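Quick note on my numbering: the sequence shown kicks off at 2 and runs consecutively. Ideal Cβ placement from N, Cα and C applies to all residues, glycine included. On a predicted model such as this, the values are computed, not experimentally measured, just so you know. One structure below.
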Amino acid sequence: MTEMTDGVLHTLFRSEQGGHEQVVLCQDRASGLKAVIAIHSTALGPALGGTRFHAYASDEEAVLDALNLSRGMSYKNALAGLDLGGGKAVIIGDPDVLKSEELLLAYGRFVESLGGRYVTACDVGTYVADMDVVARETRWATGRSPENGGAGDSSVLTAFGVFQGMRASAQHLWGDPTLRGRKVAVAGVGKVGHYLVEHLLEDGAEVVITDVREESLRRVLDKHPQVTAVADTDALIRTEGLDIYAPCALGGALNDESVPALTAKVVCGAANNQLAHPGVEKDLADRGILYAPDYVVNAGGVIQVADELRGFDFDRCKAKATKIFDTTLEIFARAKADGIPPAAAADRIAEQRMADARAAKAAKGSAQAL
């Protein structure tokens, strides 16, 4: 236990991965709830980020995931132009076994106890119906159903935003913002991936897919027989003639094994934390592979759920998500000008916005003290 705690605390307080304002460990024995709520930054506003329900290999892995995901949300919200900070929660356990109304209500009480510093939403393993239950105990739950005053499934605009990122990548690399005639590989056609496939097909792309769930594959293939499926991600990334690879499942898809094997010229997908470790972004650049930073292109969902805080309007959200195209192009231009990978350029832009917000708060506090 000491070794695990030391590892988590080391990560929490280490500047490059930590810097979190608050980490809350939650437990409700009656319902079986074990959860971690990580608030990375509230410089721009309350920390917004989804709740992941997943059977982690260890408690330490769950804490580390919450830390990494919450940090990513700070950067995502900053680059999406939202006046919101970054947070994330993970519920530890198999949702198919553990999820219950009692557990979700208990989790809602923990969210409420933070007094609005953390605003939750859906993520892997949680759905609109779950947020409806959580919202019975807290006003700080978004991603609720329209019947309960929410925006509904945020996967819709997440996929739309990724598609805008792909269009920007095509514009940057090939001089034309269309995917017509391009071969695109989508790893994971669940909540977000199947919507992304729709956009790609409508734009005239050739699509290859894979997923660990047979039912997810069948949903796409039954509707679109022109789509090709392969056995697994390993086969997908080696598909000949790929133009774009879209990781749309769990994180860490870009690692020391997958990057050398990639045949695609662009990586642009919906998954969070795609870079398995620092340095992978340089490996991609060294291979001449254009990487559209994940937290930039997958921000459509957070734009959608954030809008619930002001009264949801889909057209307003879609218009904001369309700007992901321009933001992605801006990052590519910054990367070229600074001679750095796009991931580093995105980080710099996001960090500057957060630093400016902290400086403005400090200046305001100093003025009020006079």
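I think residue i touches residue j, with their Cβ atoms under 8 Å apart; what is that distance to the nearest whole Å?
| i | j | result |
| --- | --- | --- |
| threonine 285 | tyrosine 292 | First, the amino acid is wrong: residue 285 is leucine here, not threonine. Confirmed, about 5 Å. |
| glycine 301 | alanine 322 | 4 Å |
| valine 24 | alanine 63 | That belief does not hold up - the Cβ atoms of valine 24 and alanine 63 are roughly 11 Å apart, past 8 Å. |
| alanine 230 | tyrosine 196 | Actually they are not in contact, since the Cβ atoms of alanine 230 and tyrosine 196 sit about 17 Å apart, beyond 8 Å. |
| glycine 151 | phenylalanine 313 | 7 Å |
| lysine 100 | phenylalanine 54 | 6 Å |
| valine 37 | alanine 67 | 4 Å |
| isoleucine 238 | lysine 266 | Going by Cβ atoms, the distance from isoleucine 238 to lysine 266 rounds to 12 Å, so no, they are not a contact pair. |
| leucine 105 | aspartate 124 | About 14 Å; that fails the 8 Å criterion. |
| valine 134 | glycine 144 | With a Cβ gap of about 12 Å, valine 134 and glycine 144 do not count as contacting. |
| glycine 270 | valine 163 | 6 Å |
| lysine 319 | leucine 158 | 7 Å |
| valine 41 | methionine 74 | Rather than valine, the amino acid found at residue 41 in this sequence is histidine. Confirmed, Cβ separation roughly 7 Å. |
| serine 155 | alanine 122 | 7 Å |
| tyrosine 76 | glycine 87 | 7 Å |
| histidine 225 | leucine 202 | 6 Å |
Helix, strand or coil, according to DSSP, for residue i in the structure here?
| i | result |
| --- | --- |
| valine 231 | coil |
| alanine 1 | The structure shown does not extend to residue 1, since the chain is modelled only from 2 through 371, so no value can be given for it. |
| tyrosine 196 | helix |
| isoleucine 341 | coil |
| threonine 121 | strand |
| leucine 237 | helix |
| leucine 180 | coil |
| valine 211 | Here the sequence assigns threonine to residue 211, which means valine is not the residue at that position. It is a strand residue. |
| alanine 188 | strand |
| methionine 2 | In this prediction, methionine 2 has a pLDDT of 39, which is less than 50 and means its spatial position is unreliable; what the coordinates show is noted afterwards. In the structure shown, methionine 2 sits in coil (DSSP, three-state: anything other than H, G, I, E or B). |
| alanine 142 | strand |
| leucine 255 | strand |
| alanine 361 | helix |
| proline 374 | There is no way to answer for residue 374, as the model of the chain reaches only from 2 to 371. |
| alanine 206 | coil |
| alanine 79 | helix |
| alanine 152 | coil |
| glycine 73 | helix |
| glycine 242 | coil |
| glycine 366 | helix |
| glutamate 216 | helix |
Could you spell out the range, first to last residue, of the beta strand (DSSP E) harbouring residue i?
| i | result |
| --- | --- |
| phenylalanine 54 | 52–55 |
| proline 248 | 245–248 |
Where do the N-terminal and C-terminal ends of the alpha helix (DSSP H) with residue i fall, by residue?
| i | result |
| --- | --- |
| lysine 89 | From DSSP, lysine 89 is part of no alpha helix (DSSP H) but of the beta strand (DSSP E) over 86–93. |
| glycine 162 | 156–175 |
| serine 114 | 102–114 |
| aspartate 131 | 129–135 |
| leucine 99 | 96–99 |
Closer than 8 Å to a non-hydrogen atom of the ligand ZN - does that hold for the CB of residue i?
| i | result |
| --- | --- |
| tyrosine 246 | The model on display carries no ligand, and the ligand ZN is accordingly not part of it. |
Could you check whether the Cβ of residue i sits closer than 9 Å to any Cβ belonging to chain B?
| i | result |
| --- | --- |
| proline 96 | Given the protein chain composition of this structure (a single chain), no chain B is represented. |
_Extract the residue ranges of the beta strand (DSSP E) inside the region 19–67, only unbroken runs of 3 or more that lie entirely within it._
23–29, 34–42, 52–55
*Can you list, in chain order, the stretches of the alpha helix (DSSP H) that have 4 or more residues and sit fully within the region 261–334?*
281–287, 295–298, 301–307, 315–323
*Determine, using beta-carbon pairs with one atom in the region 205–217 and one in the region 177–197, whether at least three such pairs fall under 8 Å.*
yes
*Can we say the region 131–146 touches the region 162–176, given the rule of at least three CB pairs closer than 8 Å?*
no
*Taking one C-beta from the region 241–256 and one from the region 215–223 each time, how about it: are there three or more such pairs within less than 8 Å?*
no
*asked:* Whether or not the region 104–121 and the region 330–338 are in contact is what I'm after, with contact meaning three or more pairs of Cβ atoms, one per stretch, closer than 8 Å; do they touch?
replied: no
*Does the region 304–320 come close enough to the region 254–264 that 3 or more CB-CB pairs lie under 8 Å?*
no
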